[in-house]
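Residue numbers (the numbering used here): 207 to 507.
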Amino acid sequence: MANHVITATAAMLEKMRNHYASDITGHLPAGALFVAKRSGCTITAYRSGKVLFQGKEAEQEAAKWMKQSGQKETAAFQPRLAAASAVGSDEVGTGDYFGPVVVAAAYVAKDQMDVITATGVKDSKLLTDEAIRRLAPSLMSMIPHQTVILSNPMYNDWQRSGMPQTKIKALLHNEAIRKLVEQLSPLEPEAIIIDQFIERDLYFRYLESETNVVRDRVYCYPKAETIHIAVAAASTIARYVFLQEIERLSKQVGMTLPKGAGAQVDQAAAKLIQMHGPAILETCAKLHFANTEKAVRIAKQ
207 MANHVITATA
217 AMLEKMRNHY
227 ASDITGHLPA
237 GALFVAKRSG
247 CTITAYRSGK
257 VLFQGKEAEQ
267 EAAKWMKQSG
277 QKETAAFQPR
287 LAAASAVGSD
297 EVGTGDYFGP
307 VVVAAAYVAK
317 DQMDVITATG
327 VKDSKLLTDE
337 AIRRLAPSLM
347 SMIPHQTVIL
357 SNPMYNDWQR
367 SGMPQTKIKA
377 LLHNEAIRKL
387 VEQLSPLEPE
397 AIIIDQFIER
407 DLYFRYLESE
417 TNVVRDRVYC
427 YPKAETIHIA
437 VAAASTIARY
447 VFLQEIERLS
457 KQVGMTLPKG
467 AGAQVDQAAA
477 KLIQMHGPAI
487 LETCAKLHFA
497 NTEKAVRIAK
507 Q
């Protein structure tokens, strides 16, 4: 059973007592202020200011309070996570006007870490497209992985409905992770690490109305690819799939679609409008980007 201890001020102890009010039990060990039992975690707060978290959700529950108290969560958790057999999850395509959003989840076991690291895999933003195309196929043959592709028409529908991009990402990450966890079963990863695009609590809030949400041992860290090689692997796989989709869409519309969202993208979108009419952008672009208005203006010139 996992155990974790943090130090809390008197004010935080009172805040914690209020937070866990509905979970507090009647049994108190010596020196304790309160004991609260939640699914996956028992919290025991002591008059000394020490708070003990026990259970499979101990680290996640403790992390919420460490952040509020200013204690360094990364120092406590990251070394252990780095050595765990873990699932990593990352997304690409959210900053590209053309092409879908792709999320990949990848599992790297402890005994695979050295081999995967030796391949040169790293955050896909640090690799050229050529390197991605060279590395990803062998990587995908070595480790369990799952990808989820959000097509441009579906992305545009979700965006027009008012769905925040952070919720879109949360839905896609959970789907990729869920599919991979099912693939791995009955094996259970020791950790699931998401390259952070939002705080963990808000991530799960976006998923409240969903069924089949993966909650156990889920961590969200910025620059998570520096914490565990599985996140770097997921990033590389996601970028590879994105590049394949860009190539497919380019053939579909009859011209090469550039990546990113710069001036060259404005020109390409304008050319597409001139070739096929503005409706073509629905099939291959993220319409809410400012590039759409710029392309329409250029196409009329």
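Yeah, the Cβ is synthetic: ideal placement off N, Cα and C, and Gly gets one too.
Item                                                                                                                                                                               : Value
Report yes or no: do three or more beta-carbon pairs, one from the segment 490-500 and one from the segment 291-307, lie closer than 8 Å?                                          : yes
Which residue comes first and which comes last in the alpha helix (DSSP H) that contains Thr372?                                                                                   : 371-390
Check the C-beta distance from Pro464 over to Gln470 and give it rounded, since I have them as a contact under 8 Å.                                                                : 5 Å
Quick one: what's got a C-beta closer than 7 Å to His233's C-beta in the same chain, skipping five residues either side?                                                           : Val241
Identify every run of the alpha helix (DSSP H) within the segment 383-467, keeping only runs that are complete inside it and at least 4 residues long; order them along the chain. : 406-412, 435-459
Which residues share a DSSP beta bridge with Gln260?                                                                                                                               : Asn209, Thr248
Does the Cβ-Cβ distance between Arg406 and Cys426 come in under 7 Å?                                                                                                               : yes
I think Met461 touches Ala475, with their Cβ atoms under 8 Å apart; what is that distance to the nearest whole Å?                                                                  : So it is not a contact: roughly 10 Å between Cβ atoms.
Since Thr353 is in the beta strand (DSSP E), which residue starts that stretch and which ends it?                                                                                  : 351-356
Going by DSSP, which residues form a beta bridge with Lys500?                                                                                                                      : DSSP, once it has assigned bridges, lists no residue as partnering Lys500.
Between which two residues does the beta strand (DSSP E) containing Asp335 stretch?                                                                                                : Here Asp335 belongs to no beta strand (DSSP E); instead the alpha helix (DSSP H) covers 335-348.
Check each candidate in Ala290, Ala288, Asp320, Met346 and name the one with the smallest Cα separation from Ala311.                                                               : Met346
Relative to the alpha-carbon of Ile349, which residue among Gly246, Val321, Ile230 has its alpha-carbon at the smallest distance?                                                  : Val321
Classify Ser441 as buried or exposed, calling it buried when 16 or more other Cβ atoms lie within 10 Å of its own Cβ.                                                              : buried
Are the beta-carbon atoms of Ala501 and Ile479 separated by less than 7 Å?                                                                                                         : yes
Would you mind working out which of Leu413, Leu390, Val424 sits nearest Gln352, comparing C-alpha positions?                                                                       : Leu390
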